[in-house]
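Asker: From first to last, the protein sequence lines are chains A and B.
If you count the first sequence from 1, position 144 lands on 147 in my numbering, and the numbers rise without skipping.
If you count the second sequence from 1, position 104 lands on 105 in my numbering, and the numbers rise without skipping.
To start, I am sharing the structure in question, which I have written as structure tokens.
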Amino acid sequence: MCDFSGKLIAWMDRELADDEAAAVERHVQGCAECRSQVDAFEDMSRALVSYCDAVAELTPRCSLPHWAPMISGAAAVLALLLVFLQPSVKPVPVPLQVVQAQQAISLQTAPRAARPAHPRHAISRKQTPSTNWELAEPAIQIAIPAEAIFPPGAVPEGVNFVAELSIAADGSAQGLRLQP
Amino acid sequence: MSGDSLPLILPLPRFVTESCEATTLYRELRQPLLRYLICLGLSADEAQDVVQDAFLMLHKHLAAGGSQENIRAWLFRVAHNRARNRQQSYDRRFCAPLDSDFDSMADEATPEQAVLEKEKFRRLEEAICLLDQPERECLLLRAGGLRYREIGEVLGIPTSTVGDTVDRAIRKLVEKCHV
């Protein structure tokens with residue numbers, strides 16, 4: 004076997020240093036045995052690439068009904084419409100009854116002797132059942148800086164969010180909803 | 002939006018740059034990655050999953066300020082390791098009886114050429130089955146266009162070992178197939 008035989012494939016793959024590659028090239032030009040080997044190696048390399056292409060092409064994919072892309076496309080459009088056509092969030096005014104209730108609470112928790120309640124602050128459930136603040140659905144709208152919620156760079160420029168925080172009657176957070 | 006809500010306007014130059022790089026890499030390397038994974042034995046769907054995972058990791062890698070050197074080898078290594086985790090699929094092609102359906106290949110110029118081509122692939126596949134695992138992996142990565150240094154990074158072996166392995170594997174195939 005020729006001394007250069009062991010370097011032929013690396014030479015074909017351009018993995019040899021320049022001077023070494025030049026030496027192999029000069030040798031191959033004058034050595035019929037090495038030229039023949041190089042031809043065989045190149046044929047095999049091409050066959051391998053074709054084989055990989057054929058295997059990748061022939062490997063079956065998960066077969067879907069022909070209408071599946073249409074259904075998924077329609078679903079995507081519908082989802083986008085739902086997102087973008089959703090009415091924008093309006094400021095939610097704090098219900099009057101909540102304010103009144105807060106005042107009532109503060110009055111009730113204050114020492115009665117030091118500061119007696121004024122009759123107009125006292126809310127009697129019997130007198131005004133419609134202003135029962137516990138039955139109302141309190142809501143507070145707040146704006147939170149994006150940096151506090153998302154990692155830096157996660158929110159594209161120009162996108163804003165409104166966080167709608169629902170608070171239960173006992174003061175605990177009931178729900179948080181983010182809307183673009 | 003309420004008047005007292007704060008507009009959340011964020012400058013995102015780094016995000017945009019990373020996205021562009023990841024998109025360019027995705028266009029360039031998605032197909033070679035899929036081909037490599039399928040040749041390793043993964044199904045088309047499994048290969049798609051692995052490629053998506055690999056590009057997701059690439060995005061995180063770039064976002065975290067990771068090195069961008071040898072990113073092609075980095076991607077192939079991630080995909081290769083993910084494929085190895087699916088060991089059952091990984092071994093399927095070369096340890097189970099051959100079931101490649103080369104008969105369904107697109108017709109060649111003439112029926113004779115098509116028959117010859119299919120026969121050549123069958124013999125080649127039989128010869129590939131006789132290679133050991135590092136030889137197969139080196140050859141498939143080489144067929145994907147990776148340099149020896151990159152193959153070494155993917156498989157965790159020295160570049161000189163890759164050269165020796167590729168040389169040995171091709172000689173074996175030539176000897177078996179007489180292509």
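We put the CB at the ideal spot given by N, CA and C, even for glycine.
If we count the other Cβ atoms within 10 Å of its Cβ and call it buried at 16 or more, is E154/B buried or exposed?
Answerer: On the second sequence, position 153 is the one that residue 154/B refers to. A buried status is given to E154/B, since no fewer than 16 other beta-carbon atoms sit within 10 Å of its beta-carbon.
Asker: By the criterion of Cβ-Cβ separation under 8 Å, what are the contact partners of L125/B in chain A?
Answerer: The residue you call residue 125/B lines up with position 124 of the second sequence. For L125/B, the chain A residues whose Cβ falls inside 8 Å of its Cβ are A50, L51 and Y54, in order along the chain.
Asker: Could you check if K10/A is buried or exposed, using at least 16 other CB atoms within 10 Å of its CB as the buried criterion?
Answerer: Taking the first residue of the first sequence as 1, we reach residue 10/A at position 7. By the 10 Å Cβ count, K10/A comes out buried.
Asker: Only counting the same chain, and skipping five residues up and downstream in sequence, which positions put a Cβ closer than 8 Å to that of C178/B?
Answerer: On the second sequence, position 177 is the one that residue 178/B refers to. These residues qualify, in order along the chain: K121, R124, L125 and A128.
Asker: Enumerate in chain order the residues of its own chain whose CB-to-CB distance from R123/A is below 7 Å, with the five nearest sequence positions on each side excluded.
Answerer: If you number the first sequence from 1, residue 123/A lands on position 120. Because R123/A sits at a pLDDT of 47, beneath the cut-off of 50, its placement in the model cannot be relied upon, and the following sentence gives the value as read from the coordinates. Hits under 7 Å: none found.
Asker: By Cβ distance, which residues of its chain are closer than 7 Å to F44/A, with the 5 residues on each side in sequence left out?
Answerer: Position 41 of the first sequence, counted from the start, is the residue given in the question as residue 44/A. Closer than 7 Å at Cβ, skipping near neighbours: L11, I12 and M15.
Asker: What residues in its chain sit with their C-beta under 8 Å from that of R87/B, if we drop five residues either side in the sequence?
Answerer: The sequence position of residue 87/B within the second sequence is 86, counting from 1. Hits under 8 Å: L43, E47 and V51.
Asker: Quick one: which chain B residues come within Cβ less than 9 Å of A13/A?
Answerer: Indexing the first sequence from 1 puts residue 13/A at position 10. Those within 9 Å of A13/A in chain B are Y149, G164, V167 and D168.
Asker: Does the stretch 56-63 of chain A come into contact with the stretch 17-30 of chain A, if we say contact requires no fewer than three beta-carbon pairs (one atom in each stretch) closer than 8 Å?
Answerer: no
Asker: From D42/A to L51/A, what does the alpha carbon distance come to, in whole angstroms?
Answerer: As a position in the first sequence, residue 42/A is number 39, starting the count at 1. As a position in the first sequence, residue 51/A is number 48, starting the count at 1. The alpha-carbon atoms of D42/A and L51/A are separated by roughly 14 Å.
Asker: Going by beta carbon distance, what residues of the same chain come within less than 6 Å of T162/B, once the five residues before and after it are set aside?
Answerer: To locate residue 162/B, count along the second sequence from 1; it is residue 161. Around T162/B: no qualifying Cβ.
Asker: Relative to the C-alpha of L30/B, which residue among L41/B, W75/B and G67/B is closest?
Answerer: The residue labelled residue 30/B in the question sits at position 29 within the second sequence. Per the Cα distances, W75/B.
Asker: In this structure, how does DSSP classify D165/B when only helix, strand and coil are distinguished?
Answerer: Your numbering for residue 165/B matches position 164 in the second sequence. Correct three-state label for D165/B: helix.
Asker: Curious, which full-length alpha helix (DSSP H) runs of at least 4 residues does the stretch 12-42 of chain A contain?
Answerer: 21-33
Asker: Which residue wins for smallest C-alpha separation from C5/A, given the options Q40/A, R17/A and L19/A?
Answerer: Within the first sequence, numbered from 1, the residue matching residue 5/A stands at position 2. Cα-wise, what sits closest to C5/A is Q40/A.
Asker: My output table needs one value for D173/A: the three-state DSSP class, helix, strand or coil.
Answerer: Position 170 of the first sequence, counting from 1, holds the residue named residue 173/A. The three-state reading of DSSP puts D173/A in coil, since its state is none of H, G, I, E or B.
Asker: Looking at the C-beta of A35/A, does it have a partner C-beta in chain B at a distance below 8 Å?
Answerer: On the first sequence, residue 35/A is found 32 positions in, with the first residue counted as 1. Not closer than 8 Å to any Cβ of chain B, the Cβ of A35/A fails to qualify, so no.
Asker: For E138/B, tell me which candidate among L34/B, I72/B and T25/B has the shortest Cα-Cα distance.
Answerer: If you number the second sequence from 1, residue 138/B lands on position 137. The shortest C-alpha separation from E138/B is found at L34/B.
Asker: With a threshold of 8 Å between beta carbons, is F122/B in contact with chain A?
Answerer: The sequence position of residue 122/B within the second sequence is 121, counting from 1. F122/B counts as touching chain A.
Asker: Between R169/B and R150/B, what straight-line distance do the alpha-carbon atoms span, to the nearest angstrom?
Answerer: As a first step, residue 169/B must be located in the second sequence, where it is residue number 168. As a first step, residue 150/B must be located in the second sequence, where it is residue number 149. If I take the Cα positions, the gap works out to 17 Å.
Asker: Compute every distance between the C-beta of L63/B and the non-hydrogen atoms of the ligand NAP, then say whether any falls below 7 Å.
Answerer: By its list of ligands, the structure shown contains no ligand whatsoever, and the ligand NAP lies outside what it can speak to.
Asker: Between which two residues does the alpha helix (DSSP H) containing P135/B stretch?
Answerer: On the second sequence, position 134 is the one that residue 135/B refers to. Here the alpha helix (DSSP H) through P135/B covers Q134 to A144.
Asker: Chain A beta carbons: is any one of them nearer than 8 Å to that of I152/B?
Answerer: For the purposes of this step, residue 152/B is identified with residue 151 of the second sequence, where counting begins at 1. No, I152/B lies away from the interface with chain A (no Cβ there is under 8 Å from its Cβ).
Asker: Please report the residue range of the alpha helix (DSSP H) in which F7/A lies.
Answerer: Translated into the one-based positions of the first sequence, residue 7/A becomes position 4. Counting along the chain, F7/A falls outside any alpha helix (DSSP H), and DSSP gives it neither H nor E.
Asker: Taking all protein chains shown into account, do 16 or more other C-beta atoms lie within 10 angstroms of the C-beta of T62/A, making it buried, or fewer, making it exposed?
Answerer: Along the first sequence, read from residue 1 onward, the residue named residue 62/A stands at position 59. Buried, because 16 or more other Cβ atoms sit within 10 Å of the Cβ of T62/A.
Asker: So, helix, strand or coil for R1/B, using DSSP?
Answerer: Only positions 2 to 180 of chain B appear in the structure, and residue 1/B is not among them; the question remains open.
Asker: Which one of L84/A, A82/A, S8/A and V80/A has the shortest CA to CA distance from E36/A?
Answerer: Position 33 of the first sequence holds residue 36/A. Closest option to E36/A, Cα to Cα, is S8/A.
Asker: If you draw a straight line from the C-alpha of Y27/B to the C-alpha of A172/A, how long is it?
Answerer: On the second sequence, residue 27/B is found 26 positions in, with the first residue counted as 1. On the first sequence, residue 172/A is found 169 positions in, with the first residue counted as 1. Going by C-alpha positions, Y27/B is about 51 Å away from A172/A.
Asker: With a Cβ-Cβ cutoff of 8 Å, do R36/B and G145/B count as a contact?
Answerer: What you label residue 36/B is simply residue 35 of the second sequence in a count that begins at 1. What you label residue 145/B is simply residue 144 of the second sequence in a count that begins at 1. Going by C-beta atoms, R36/B is nearer than 8 Å to G145/B.
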